[in-house]
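Working notes for the structure below.
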């Protein structure tokens, strides 16, 4: 050992850490900073003209109002459904819990545009289902979902699982003896729920509400399918229309709109923080999770109610979607004679853009999943085992692109990549690389969280043993840590893949001919009036999603509770 | 093999002094036990020696190389040491042979030498035939031996053992203690053995370093530690010693002195530097005390309780002249006592704890 002993190790350590810092900075800090800059200094020159123009436009404020109304309405629906279901599933002795959780969480994993499309097929004058039942409204009457109420209802159904998941995670940590003490004091289960459980569950409930609000606010698929036909525009769809209609020349204006929606989202998170700061919710005792309350003779009725809910919010719309995908033309009643697989044949074999979209969506989702695992495994290593202050900031930065609405990141990415890259001299705008960049930036945190929880489950001495055996950091990561963290990394990769695979918000703003995604193609079919093709393609994506989710249930035995949301 | 010098090592966690100027010199080939209650800093010390943390003051030298100081920190992967972890830390995704071979692979040892050395290490711990098993398929004792083989296969200059027997059941512990001792004799490796179990430390170690609250209290052979504790903490911690007030009347040149223990004259052992002192402290052992007839030189005590321990009683008493001074001893069966009965205790031996034990 010379005096330079340890030099290579230190260099390797430091280089890896700073490489990760650089990657996260490029993925999150750079685009968001660029977006903010554009708001006050379009094209690099300080000017408030774009800002003033946008803020003076009545369209801006109408869309803002619509955004707030639908996001708040959707949140209310989601909170009511999600919290009731969470309390029942987490605290009572209903049976077939795992199957129910899988079905209930499924809408969250499906693409919003697919959910919207499915519901549109359930109502309206050309609904195949209603026609089969002979109760379709007269031709020419309006589909009731083309309205603010329709948007709210679907947002609520899509994001109820978010409230459910955060609340159930909280209920899982509720100490048994707090409830038992109340029982011993003679309180009835309902009274305990009202006076003990729900007050203690304020933090997860508020967190769920905030998450739900931000998700509703940033949702593009549902207001695009339900709002655009009736010219009911929210901020994301307004941004889309401006950019799609006028191209990058309106970039400064849409940048201001993106900042506006970002500000509303941050305000929502801020209110959450404010609400939780007023009181102390820390739970002082720790113990086993509580025993479920017995529902006695109410068990069967409650179970029937839960499964009815599943049928209404999941099964019926999906049936409607499947039925529509089987009719030759919208409006033709579905019978044994008219049923056809021609729509599937068309989207799978004939339509060039769809074939490209399959390749693009599969390829980019897989690439994003792999890239995110490669970033997340070393990043989480430093986050969990090296606790530096710098890293906490890094963690926060990694969360930002996901916490903010997708349009914000998409516009920011256009701003960063519209001009040719320095040194290389090529522009990424209009290529698949800008979409892939956004996927990695936006979904990084989805892959990171399971990996972080995986590290917490791992005994660090396993790494230290390799260290004293002489293995350097990269060697340890490859031979010891990666194999041990692999199940968690797989779960993270899968979450990334499924989310990117069903994604529309980002690609709707960034696609160009040749870089279509499946979401974009479904959207284009529907906008062009080809609901049958759109439905066929949507059914295929739903099938892929459900198949992958089911596959993980067979292999997820070693994962921590709560890593895969759809596991009961 | 190498000697290990721990020189005034200090480690802070925020404002908490986890290690406070600890100095220990471990000789080449010695087995040094580091003994102390949980939270005393012994695991922190091990992590400094291994290099997992950077220290705040002092230095650590392995062989002739400074591996840790405020100016220099050689990372663990370059220290050529072996560690047996409390949890064993066997890699669950590798077989026994792969676990053992890992350090050799990292060091660039090629086949067939690698396979030969792995086989030799497994033979040494008597695990031939287990090479292709996974750690999950082994018993606690077998895992322990794999961990040992893994740490020794690279012939480290120094082996650290972090409470390696803590996770084993009582019978297996005794067997493994034996095995460690033979093992150390056979390999002659310098070892630092962290434990909170004094019986284990006494049975295994050449010398024991006693720690408490981040400070080193005493480094001595097991016998010296028991017979001549350096201060009251060590006296109380090792072998349940009783610390009592005595007056040192006169000191003889042969390492003994005459003391007065509540009017009972006792010859005790003392340090060569011991001087006559009116207010000294002494360490008594249960085996130094016995119940005697009245009118023999003794001290008067009262029985608090007698606990039957199979063949004999543990008698807990207090000195009548100073009721908060508790003495315990063993008394053979049959022993008849009534609570609060007065008895006479004779002290056969004791150790006068040196004043100003620390500088």
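Chains as they are written, first to last, in the numbering used here: chain D, 1 to 568; chain H, 1001 to 1359. Just so you know, even glycine gets a beta-carbon here, dropped at the ideal spot from N, CA and C. Keep in mind it's a predicted model, so treat the numbers as computed, not measured.
query, result
"Buried versus exposed, by CB contacts within 10 Å (16 or more), residue 1311/H", "exposed"
"Runs of beta strand (DSSP E) wholly within the segment 1178 to 1258 of chain H (minimum 3 residues, chain order)", "1190 to 1195, 1207 to 1212, 1215 to 1220 and 1242 to 1251"
"Strand pairing of residue 250/D, partner residues [DSSP]", "In the DSSP output, where bridge partners are listed per residue, residue 250/D has none listed."
"Opposing strand residues paired with residue 1093/H [DSSP bridges]", "None, per the DSSP bridge assignment."
"Chain D residues whose Cβ lies nearer than 9 Å to that of residue 1043/H", "Those do not exist, as residue 1043/H stays about 11 Å from chain D at its closest Cβ, beyond 9 Å."
"Terminal residues of the alpha helix (DSSP H) in which residue 1270/H lies", "Careful: residue 1270/H lies outside any alpha helix (DSSP H) and carries neither H nor E."
"Under 8 Å by beta carbon: chain D residues contacting residue 1083/H", "464, 465 and 468"
"Contact list for the segment 477 to 501 of chain D against chain H, Cβ threshold 8 Å", "479, 480, 483 and 484"
"Assigned exposure category for residue 1359/H - 16 Cβ within 10 Å defines buried", "Model confidence at residue 1359/H stands at a pLDDT of 40, short of 50, so the residue's coordinates are unreliable; what they give is reported in the following sentence. Exposed: under 16 other Cβ atoms inside 10 Å."
"Option nearest residue 1319/H by Cα separation, candidates 1346/H, 1031/H and 1293/H", "1346/H"
"Whole-angstrom C-beta distance between residue 408/D and residue 253/D, which should lie under 8 Å", "Wrong, their Cβ atoms sit about 14 Å apart, outside the cutoff."
"Beta carbon of residue 532/D nearer than 8 Å to that of residue 324/D", "yes"
"Residue 1051/H beta carbon less than 8 Å from that of residue 944/H", "Here chain H has residues from 1001 to 1359 only, and residue 944/H is not among them."
"Beta carbon proximity, residue 195/D to chain H, threshold 8 Å", "no"
"Three-state class that DSSP yields for residue 1283/H in the structure shown", "strand"
"CA-to-CA distance, residue 551/D to residue 112/D, given in whole angstroms", "22 Å"
"Beta-carbon spacing of residue 450/D, residue 495/D below 8 Å", "yes"
"Buried versus exposed call for residue 312/D [16 or more other C-beta atoms within 10 Å across all chains shown]", "exposed"
"Endpoints, the beta strand (DSSP E) within which residue 1351/H is located", "1351 to 1353"
"Given residue 1175/H as reference, the closest of 1141/H, 1184/H and 1199/H once Cα atoms are compared", "1141/H"
"Distance between residue 491/D and residue 229/D (C-alpha atoms, nearest Å)", "38 Å"
"Closer than 8 Å to chain H by CB, residue 90/D", "no"
"Selection from 1293/H, 1130/H and 1097/H that minimises the alpha carbon distance to residue 1114/H", "1097/H"
"DSSP beta-bridge partners of residue 1290/H", "1346/H"
"Sequence-distant residues of the same chain with beta carbon closer than 7 Å to residue 1250/H, five excluded per side", "1257, 1258 and 1276"
"Short Cβ contact (8 Å threshold) for residue 473/D with residue 12/D", "yes"
"Residue 475/D: contacting residues in chain H (beta-carbon distance under 8 Å)", "1106"
"Chain D contact for residue 1093/H (CB, 8 Å cutoff)", "yes"
"Cutoff 8 Å: residue 472/D Cβ touching any chain H Cβ", "yes"
"For residue 201/D, the three-state DSSP class (helix, strand or coil)", "coil"
"C-beta neighbour in chain H for residue 14/D, strict 8 Å", "no"
"Coarse secondary structure for residue 970/H, derived from DSSP in three states", "Residue 970/H lies beyond the residue range present for chain H, which begins at 1001 and ends at 1359; the question has no answer from this structure."
"Residue 372/D, DSSP secondary structure in three states", "helix"
"Burial state of residue 7/D (16 or more Cβ within 10 Å)", "exposed"
"Alpha helix (DSSP H) runs wholly inside the segment 367 to 455 of chain D, at least 4 long, in chain order", "389 to 403 and 406 to 417"
"Chain-ordered residues of the segment 452 to 463 of chain D with a beta carbon less than 8 Å from chain H", "459, 461 and 462"
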